[in-house]
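Numbering-wise (our numbering), the sequence shown opens with residue -15 and increments by one.
In this text, a Cβ means the ideal position worked out from N, Cα and C, and glycines have one as well.
Right, one structure below, let's go through it.
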Amino acid sequence: MNKKFLSAILFGALMVSSTGTFVSCKDYDDDIDRIDNTLNDLKSQIAALQTEVANGNWVTSVTPTEGGFTVVFKDGKTYTIVNGKDGEKGDKGEDGKGTEVAVKDGYWYIDGEKTDYLAVTSEDLKEVKVPYINEEDGYWYFYNDKGEAEKSPYKATGAAYAVNDGGVFTLYMPDANGVMQTIKLPTAASAISSIEFLDNDYQAIKDLNEIALLYWDAAATTEWKGPRGNISNNITTYSTDLSGNNNVLYTRIAPSSVDASELAFSLIDTKDNVASIALAAKKYDGMLTRAAENGLYDITVVPGSYADGGDANKLANQFLSSGVNKAMALKPATANYRSLFNVKVIPDKQTTAPLTNINLNGNYVTIVGVDKTTRVAYQTKVGQEVVVSVTKECNLYDMYLSASEEDKALFGIIFSEDGRSFKATKSPDNVTDATIDLEVYTLPNIGGNSNIKKTTIRVEINRTLGEATYDKQTKQPNKTNYSFLVSADKLKASLSSDLNAWYASVKTDVNVLQNIYDDEACTVISDLGTNGGATTNMNNKQVAVTMNVDNDNQVTPANIATKLNYLKFQLDINKTVKPLKIGKTYYAKLSFVDKTSNIELNYVVVPFELTKPELNTILVKESGVFRDGKDLAQAYMYWGDATTKVTGKSYYQSNYYIDRAFTDMQKKLSDAKMVTSPTFAIDDANNVLDAEGKDTGKKASYFASIVNPVPSSTNRAHVSLKEDTDGNGSRDVAGYKKDLNVKFTGAYLDVTGDDSWKYAKTYQFRVMSPILEGEAVAANNVVEVSATGRTKLYKENIWAKTYNNDVKYDIFAKGKAAGVIEWYRSDIANVTFSTGNKNVFEVTVATPTVPVAATATAPAVDSYIEVEGVTENTAKLKVAVDDIWGYTLNSSVDIKTTLNTGK
């Protein structure tokens, strides 16, 4: 028979190498409905399917059944739709075929067998033409390259059939009158509306995406027995190296409700040629949660083989045009939506394919081809799956595992279908622990019988008395050598009837911690430092676990049966090198061994997490300093902290001591074992704001510095305002009343080796004088004095208050010592009064007098000032209060001069 050229346009790009499928089914009299309600006829059956489609549901599978098809939707609903007309049972055609017609590798297949009909693309055809069953003769008719229907020699076995075109199933079903009814059912692939490529953090869109495709001109094999079968002549094998996040398309697919991990993907060029490689999507399993629901996937090339017809570069040439890499797009294999053409496949022909090492559950065991049978190379347990891999997976064509028939029967060895894992399902008896010789057969992508390697590994299979996983223990250590107790009840319960035998066999005087892991399955060892070159939890003995009676006493062989109460976790956290992290769940695998053979009897897994206190429980903000819950400190200087005078001046440096802002700051830092790590520093990340919230355009370091940045009880950290900010030699304390940014950093327990232990927070300190921010006050808001004489004024007439209106203080002299006037407030340096209008009154005693104590002959004389009235009116009495930091409060009160008033 001459080759027939059939239209490939009916599937668009799918015809080259995808899997468009056409199914015909036998017709029977039965109407079968497999859903909760009964559908009475074809019309109602189709209406039910149309309702599902209208509601946004899509099809996950269409499979032939007697007289029709079973349709399964994404939400699990199942419908069976059957013919409305009795169909004739078809006789076999020329080749006795006709139950399934599909396109694969560019050819039509009938019931899985390749025909001589070659599917090609005709540019002359402007519309999709699909094959069909002729109702008169019952044969399949296909379209040739002229668009003409052509009878095939294949007679269909029924009248109902389905076509998958562009991710949409079209069911063709005859009704009771023999009229063909159709219903279109979209699949998940047809629902895809967007495919975007991102960087490997799934954050930014990536414009160019490259895949390095490794390929081999593989030598044929005749002796391979693995799942993929022998390599035939003229075969190109291919794969990609996925180590180091290479050759992965980090993809976002919309809508996110589509589960793309169930779909196959292809690459097409700008002429809609489909490349002969398949790609698969895996839900992103990193730190982001609900990856499938967010539409995030890792899409990679599925390793495979390609019949190259003797041209070893034929596969590679699909990705090249005149030696230049083509721009490719990603698309679902059964739908037409595609990404942008921003994928490049770079073929890389290989001449070798080293596999290097064999690993069991990620642990190195031996070199490929080098047996390990003189001693036990790996230990596993009954029921535990062991995954076998090679170091260079990209070079591996196939693998399978085997063992002797005796071992398979004795231990109930089960091998996975893909030939990559095994597990023992039973132990030969209740006492003996034994070994098997595991045979690992490997074939690299380069092929050839001579490259088939058999590697024998001795594996010990231990009987497990009991296993258990505890609830997570959440602990907040208060020192680096912290310990905590975990009840042993769950351990003992897991041993059940074996408990007494376990008591008699278990070794007691040991650290039972096998290792610390990052995952619940205990496959990824936590990186907590190095010991002898291998990653281990035992760096500086950060964790040890013993079986204890109480916190201080371990059990002994003599008392374990009655005194095993706790598992004691003893931590010795390394402060500087890879400490246990805060906020991370660790899985401590505790292994209990036989005291004679040291063989593991059982294990338990105890998840635990360390926490640290919230910073606001260490730096507890004083409510009178930090107001309204904000991080702005109203930092009023305190006279008791004034110890350092400005060079050459009589006033003190403007310093605010930070521990004034936090309750018992030094004690709480000490309680948190934060001695060397706490630091206060000027934070210049942002500009400083003034008290009105305006940007000063300056950083905090322009205005101030931090003295004693590492606080202690003797060297208190404080904010020190610069006296000459502009550097012109005169006083210019520009940092006064500015919101200065001060950052606190520290590490809980002084553990600095990991950021999870650290704190960092920026506060604002508005440094001010309590005197300068106050005002003078007159009794009854005005003081009346004589307009024609002199009047003495006392503290009952005039006083002052600080920034806090409730704090009233006297501004008259308290006394005199060593020739210096003493004031009622220690932060007052001097007080003077002056007139605001000489035409109303004069101040005749401007500085408050020193009070005189009472004697036997004379009464006490209080401190006073004196004014003399000039004319009857009201004017301001100016009050100047100098503080000890060199600032002056200039305030005033009202003086009213009246006749016949004075003292």
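The C-beta of Q460 has fewer than 16 other C-beta atoms within 10 Å across all chains shown, which makes the residue exposed. The straight-line gap separating the alpha-carbon atoms of Y362 and F553 is approximately 28 Å. Note on E852: 16 or more other CB atoms within 10 angstroms of its CB, so buried under the neighbour-count rule. Rounded to the nearest angstrom, the gap between the Cα atoms of E180 and K310 is 19 Å. Put simply, the backbone Cα of Q748 is about 5 Å away from that of D723. When the five nearest sequence neighbours on each side are left out, the beta carbons in the same chain lying within less than 8 Å of the beta carbon of G431 are those of W200, A202, A203, A204, T205, I215, I219, T221 and Y381, in order along the chain.
In the displayed model, Q302 falls within coil according to three-state DSSP, outside both helix and strand. The residue from T358, N341, T357 and R359 with its alpha-carbon nearest to that of I351 is N341. Setting aside the 5 residues that flank it on each side, K463 is surrounded in the same chain by K657 and L733, each with a C-beta closer than 7 Å to its C-beta; the list follows chain order. Q187 is classed as exposed because its beta carbon has fewer than 16 other beta carbons within 10 Å across all chains shown. Nearest C-alpha to T453 among A572, V815 and I441: A572.
The three-state reading of DSSP puts Y384 in strand, counting E and B together. In this structure, DSSP gives Q460 a state outside helix and strand, which the three-state scheme calls coil. Counting every other CB atom within 10 Å of its CB across the protein chains shown gives A844 a total below 16, marking it as exposed.
A Cβ-Cβ separation of about 5 Å places N229 in contact with N184 under the 8 Å criterion. Rounded to the nearest whole angstrom, the CA to CA distance from N257 to E401 is 33 Å.
The three-state secondary structure of G228, taken from DSSP, is helix.
The distance from the Cβ of F796 to that of P832 is about 4 Å, consistent with a contact at the 8 Å cut-off. Bounds of any alpha helix (DSSP H) do not take in T364; it lies within the beta strand (DSSP E) bounded by Y362 to K365.
The three-state reading of DSSP puts D655 in helix, counting H, G and I together.
Where W200 is concerned, the enclosing beta strand (DSSP E) starts and stops at N193 to A202. The DSSP assignment places 702 to 705 and 722 to 731 as complete runs of the beta strand (DSSP E) inside the segment 701 to 742, in order along the chain (cut-off: 3 residues). Note on geometry: alpha-carbon atoms of T828 and S685 lie some 47 Å from one another.
For a cut-off of 8 Å, the C-beta gap from V791 to L777 is around 21 Å, too long to register as a contact. When DSSP states are grouped into helix, strand and coil, L339 belongs to the coil group. Judged by their CB atoms, F610 and I642 are not nearer to each other than the 7 Å cut-off. Just measuring C-alpha positions, the residue of A760, T729, R774 and V717 sitting nearest M752 is V717. Sequence-distant partners of F687 (beyond 5 residues in either direction) whose C-beta falls short of 7 Å from its own C-beta, in its chain, are V672, L705, K706, T709, A718, G719, K722 and L724. A distance of 7 Å or more separates the beta carbons of Y743 and V703. Boundaries around E852 are those of the beta strand (DSSP E), I849 to G853, since no alpha helix (DSSP H) includes it. A buried status is given to V769, since no fewer than 16 other beta-carbon atoms sit within 10 Å of its beta-carbon. Secondary structure at D473: helix, using DSSP grouped into helix, strand and coil. For D391, the uninterrupted alpha helix (DSSP H) run begins and ends at E389 to F395, by DSSP. Closest in C-alpha terms to N320, from the list E444, K437 and A173, comes A173. With contacts defined as CB atoms closer than 7 Å, L263 and M312 fail to qualify as a contacting pair.
Contact between N446 and E598 does not hold, since their C-beta atoms are separated by about 45 Å, which reaches or exceeds 8 Å.
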